[in-house]
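Participant: The structure follows.
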């Protein structure tokens, strides 16, 4: 499905089939444009194109090597998850959106380079508040309220984040370099050491990683739990499978991402005139919107049940279970493996198996019999067109956080 929308001065072409979406993602004549005008996303990795994008990605890619991601999943994250989940296992109640943001933000700070004082609740609350503004900034094109007012609020948050958190962290890393010390393994450190970017640009890059790491994972987690609870209604004996087969849990997460992509649209803008393989003429400056949700439900790829949640859906080897929800081509999500894991490789064995942080949390919640709270149903987020929740209260069996939070 592809059509053009007026006015002609800035035509928009909408692509909604799998084949055409893949072609658009792979085209070097289309640059990222979804976040054009976003005060959070100016000059950050996801918004760069060509040599600028390749150079920035080359600098940051080493932070997402398999060994580093395994260390995050096996060493850093279990401690964070235990600390966050323990209070809820005492009360038997948990609001998953707040819990997810708390949990994922803590690890995202480690990865991005925000130095935190352990146990500082005021600092944590401040970061959560700023994160909320960054989330709105990233999805400003989907915002359904007073956009001008919201943009001003976001700009204020970006400046505050830079002054309160990023500038002190930059100075600490420069001091370490001056003393020939060992820099931490984080985004801010590699930017300070390998680029001449201004502090405002580095601040936005770090804010982008916090938003991508914390917000998208929180949305994926709550949407997955929602789908799993519905699936368990139809498969009352399925809980044991979820407990015993982490690979199946991962497929449930990827199927959820396919049906409910974090960003339902992949925006691109043409940098030159060209013609798509179906004969559509694209002019320089034209906008091309990839309808990810439609492409992810293309029946020619995902079958007649493409609109249904089916984690056992048979797929060809060259079709990812998450569809285009992690992007594709040069802008494929740099943190997709950390969030969603990788397919098991029999030759690598368990020691190199990356399950994915969302899967670790989902599996832990299943172990504690997660279920909806009949007295406090989920509240859908109304300020955005994408599927997300404002609140997602659940009940849990009381007890202690289970060991082996990598769920193997």
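Residue numbers (my numbering): 3 to 410.
Ideal Cβ positions, reconstructed from N, Cα and C, are used throughout, including at glycine.
From a predicted model like this one, the values you see are computed outputs, not experimental measurements.
Looking only at C-alpha atoms, which of 164, 14, 104, 119 sits nearest to residue 200?
Facilitator: On the chain shown, residue 200 is found 198 positions in, with the first residue counted as 1. Ranking the options by Cα distance to residue 200, first place goes to 164.
Participant: Going by DSSP, what residues sit across from residue 103 in a beta bridge?
Facilitator: As a position in the chain shown, residue 103 is number 101, starting the count at 1. DSSP lists no partner for residue 103.
Participant: Rounded to whole angstroms, what's the CA-CA distance from residue 4 to residue 126? Just pull it up for me.
Facilitator: On the chain shown, position 2 is the one that residue 4 refers to. On the chain shown, position 124 is the one that residue 126 refers to. Reliability of the predicted coordinates at residue 4 is poor, the pLDDT of 41 falling under 50, and the value obtained from them is presented with this limitation in mind. Distance between the alpha carbons of residue 4 and residue 126 is about 45 angstroms.
Participant: Go to residue 216, then tell me how far its beta strand (DSSP E) extends in each direction, as first and last residue.
Facilitator: Translated into the one-based positions of the chain shown, residue 216 becomes position 214. Where residue 216 is concerned, there is no enclosing beta strand (DSSP E), given that its DSSP letter is neither H nor E.
Participant: Is the stretch 75-84 touching the stretch 187-198 in the sense that three or more CB pairs, one from each, lie closer than 8 angstroms?
Facilitator: Verdict: no, contact absent.
Participant: Can you list, in chain order, the residues of its chain with a C-beta nearer than 7 angstroms to that of residue 98? Leave out the 5 residues immediately preceding and following it.
Facilitator: Working through the chain shown from its first residue, we reach residue 98 at position 96. 223, 224, 227, 394, 396, listed in sequence order.
Participant: With burial defined as no fewer than 16 other Cβ atoms inside 10 Å of the residue's Cβ, what is the status of residue 113: buried or exposed?
Facilitator: What you label residue 113 is simply residue 111 of the chain shown in a count that begins at 1. By the neighbour-count rule (16 or more Cβ atoms within 10 Å), residue 113 is buried.
Participant: Which same chain residues, not among the five before or five after residue 403, have their C-beta less than 8 angstroms away from its C-beta?
Facilitator: Here residue 403 is taken as the residue at index 401 of the chain shown, counted from 1. Only 83, 84, 87, 88, 91, 366 meet the Cβ criterion.
Participant: Report the rounded CA-to-CA distance for residue 32 versus residue 45, giving the unit in angstroms.
Facilitator: Residue numbering aside, residue 32 sits at position 30 when the chain shown is read from its first letter. Residue numbering aside, residue 45 sits at position 43 when the chain shown is read from its first letter. Cα to Cα, residue 32 sits roughly 17 angstroms from residue 45.
Participant: By the three-class DSSP mapping on this structure, what secondary structure does residue 344 have?
Facilitator: Here residue 344 corresponds to residue number 342 of the chain shown, with the count starting at 1. Coil.
Participant: Output needed for residue 8: all residues of its chain with C-beta closer than 6 angstroms, excluding positions within five of it in sequence on either side, in chain order.
Facilitator: Residue numbering aside, residue 8 sits at position 6 when the chain shown is read from its first letter. In this prediction, residue 8 has a pLDDT of 41, which is less than 50 and means its spatial position is unreliable; nothing more can be read from the coordinates.
Participant: For residue 252 and residue 180, what's the separation of their Cα atoms in angstroms?
Facilitator: In the chain shown, residue 252 corresponds to position 250, counting from 1. In the chain shown, residue 180 corresponds to position 178, counting from 1. Spanning the two alpha carbons is a distance of roughly 44 angstroms.
Participant: Just the Cα atoms here: how many angstroms apart are residue 186 and residue 162?
Facilitator: Numbered from 1 along the chain shown, position 184 holds the residue referred to as residue 186. Numbered from 1 along the chain shown, position 160 holds the residue referred to as residue 162. Roughly 24 angstroms separates the two Cα atoms.
Participant: Return yes when the Cβ of residue 275 is within less than 9 angstroms of the Cβ of residue 284, no when it is not.
Facilitator: Counted from its first residue, the chain shown places residue 284 at position 282. Counted from its first residue, the chain shown places residue 275 at position 273. Yes, Cβ-Cβ distance for residue 284 and residue 275 is below 9 angstroms.
Participant: Just the C-alpha distance for residue 134 and residue 210, rounded to the nearest angstrom, thanks.
Facilitator: Residue numbering aside, residue 134 sits at position 132 when the chain shown is read from its first letter. Residue numbering aside, residue 210 sits at position 208 when the chain shown is read from its first letter. Taking the straight line from one Cα to the other gives about 12 angstroms.
Participant: Cα separation between residue 73 and residue 63?
Facilitator: Translated into the one-based positions of the chain shown, residue 73 becomes position 71. Translated into the one-based positions of the chain shown, residue 63 becomes position 61. Their backbone Cα atoms lie some 16 angstroms apart in a straight line.
Participant: List the endpoints of the continuous beta strand (DSSP E) containing residue 272.
Facilitator: Numbered from 1 along the chain shown, position 270 holds the residue referred to as residue 272. Looking at the DSSP string, the run of the beta strand (DSSP E) that includes residue 272 is 267-272.
Participant: Could you give the first and the last residue of the continuous alpha helix (DSSP H) run that contains residue 395?
Facilitator: Here the question's residue 395 lines up with position 393 in the chain shown. Counting along the chain, residue 395 falls outside any alpha helix (DSSP H), though it belongs to the beta strand (DSSP E) covering 395-397.
Participant: Where does residue 330 fall in DSSP's three states?
Facilitator: Counted from its first residue, the chain shown places residue 330 at position 328. Reduced to three states, the DSSP call for residue 330 is coil.
Participant: Checking 9 angstroms against the spacing of the C-beta atoms, do residue 483 and residue 116 come in under that value?
Facilitator: Look at the range of the chain in this structure, 3 to 410, and you will see that residue 483 is not part of it.
Participant: Using CA atoms only, rank isn't needed, just tell me which of 390, 334, 341, 361 is closest to residue 48.
Facilitator: Translated into positions along the chain shown, residue 48 becomes position 46. Of 390, 334, 341, 361, the residue nearest in Cα terms is 334.
Participant: Have a look at 124, 246, 95 and flag the residue whose alpha-carbon is nearest the alpha-carbon of residue 377.
Facilitator: As a first step, residue 377 must be located in the chain shown, where it is residue number 375. That would be 95, whose Cα lies nearest to the Cα of residue 377.
Participant: Does DSSP put residue 146 in a helix, a strand or coil?
Facilitator: Stepping through the chain shown from its first residue, residue 146 is reached at position 144. Coil, per DSSP.
Participant: Distance check for residue 176 and residue 246, CA to CA, integer angstroms please.
Facilitator: Residue numbering aside, residue 246 sits at position 244 when the chain shown is read from its first letter. Residue numbering aside, residue 176 sits at position 174 when the chain shown is read from its first letter. When rounded, the distance between both Cα atoms is 47 angstroms.
Participant: Any idea if residue 41 is buried or exposed, counting beta-carbon neighbours within 10 angstroms, 16 or more meaning buried?
Facilitator: Numbered from 1 along the chain shown, position 39 holds the residue referred to as residue 41. Result: buried.
Participant: Helix, strand or coil: how does DSSP classify residue 46 here?
Facilitator: Against the chain shown, residue 46 aligns to sequence position 44. The answer is coil: DSSP assigns residue 46 none of H, G, I, E or B.
Participant: Where does the unbroken alpha helix (DSSP H) through residue 412 begin, and where does it stop?
Facilitator: Here the chain comprises residues numbered 3 to 410, so residue 412 is not present and cannot be evaluated.
Participant: Just verifying my parser: in three-state terms, what is the DSSP assignment at residue 60?
Facilitator: As a working mapping, residue 60 is identified with position 58 in the chain shown. Looking at residue 60 - three-state DSSP - the assignment turns out to be helix.
Participant: Could you tell me the alpha carbon to alpha carbon distance between residue 269 and residue 17, rounded to whole angstroms?
Facilitator: Taking the first residue of the chain shown as 1, we reach residue 269 at position 267. Taking the first residue of the chain shown as 1, we reach residue 17 at position 15. Going from the Cα of residue 269 to the Cα of residue 17 covers about 10 angstroms.
Participant: Excluding the 5 residues flanking residue 373 on each side, which residues of the same chain have their C-beta closer than 6 angstroms to its C-beta?
Facilitator: Position 371 of the chain shown holds residue 373. The residues are 397.
Participant: For residue 53, count neighbouring C-beta atoms within 10 Å of its own C-beta (all shown protein chains included) and say buried if the count is 16 or more, exposed if not.
Facilitator: As a first step, residue 53 must be located in the chain shown, where it is residue number 51. Exposed.
Participant: According to the Cβ coordinates, are residue 190 and residue 208 closer than 9 angstroms?
Facilitator: Looking up residue 190 in the chain shown gives position 188. Looking up residue 208 in the chain shown gives position 206. Result yes, Cβ atoms of residue 190 and residue 208 sit closer than 9 angstroms.
Participant: Exposed or buried, what is residue 1 when buried is set at 16 or more other beta-carbons lying within 10 Å of its beta-carbon?
Facilitator: A question about residue 1 goes unanswered here, because the residues of the chain that appear run from 3 up to 410.
Participant: Using DSSP bridges, identify the partner residues of residue 32.
Facilitator: Counting from one through the chain shown, the residue named residue 32 turns up at place 30. DSSP lists 272 as partners of residue 32.
Participant: Considering only their Cβ atoms, is the gap separating residue 214 from residue 358 smaller than 9 angstroms?
Facilitator: For the purposes of this step, residue 358 is taken as the residue at position 356 of the chain shown. For the purposes of this step, residue 214 is taken as the residue at position 212 of the chain shown. No, the pair does not count as a contact, with Cβ atoms beyond the cut-off.
Participant: For residue 263 versus residue 326, is the C-beta spacing smaller than 9 angstroms?
Facilitator: Here residue 263 corresponds to residue number 261 of the chain shown, with the count starting at 1. Here residue 326 corresponds to residue number 324 of the chain shown, with the count starting at 1. Yes; because the gap between Cβ atoms is below 9 angstroms, this pair is in contact.
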